[in-house]
Amino acid sequence: QVQLVESGGGLVQAGGSLRLSCVASGSISRFAAMGWYRQAPGKQRELVALIGSDGRTNYADSMKGRLTISRDNAKNTVDLQMNSLKPEDTAVYFCYARTSTFRSSWGQGTQVTVSS
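Here you go:
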């Protein structure tokens, strides 16, 4: 089972930016998709961004235009650049990886807090 470790969360003012990084304990080239989900208090976990092994990306409508996801198979990392952050973006952000057989792995999460 791969281990996913997130970093880069923190406290930022509205309008600010953060870059989240996820490093995997092994090669990520075997993952059909990797990305980020988030979960705010009292809410369900929701998709933020995904990137496929072919480089195709998928972004949440609520954050489209403010995100850039990238993956580096050589470094076994997936990064998420978030700009123009809003207080409603406050949540725990989880790294996610899925194989072609739909076996999923999750990181422990990193807190993102956006102050108004």
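Residue numbers for the sequence shown, in my numbering: 1 to 116. Even glycine gets a Cβ: it sits at the ideal position worked out from N, Cα and C. Since the model is a prediction, treat every value here as computed from it, not as a measurement.
Asked	Found
Is it true that the stretch 56–66 meets the stretch 1–15, where meeting means three or more beta-carbon pairs spaced less than 8 Å apart?	no
Taking isoleucine 69 as part of the beta strand (DSSP E), name the residues at either end of that continuous run.	67–72
In whole angstroms, what separates the C-alpha of glutamine 108 from that of phenylalanine 94?	7 Å
Tyrosine 96 to serine 21, Cα distance in whole Å?	12 Å
Could you work out which residue in Gln1, Leu11, Gly35, Val12 is closest to serine 25 when comparing CA atoms only?	Gln1
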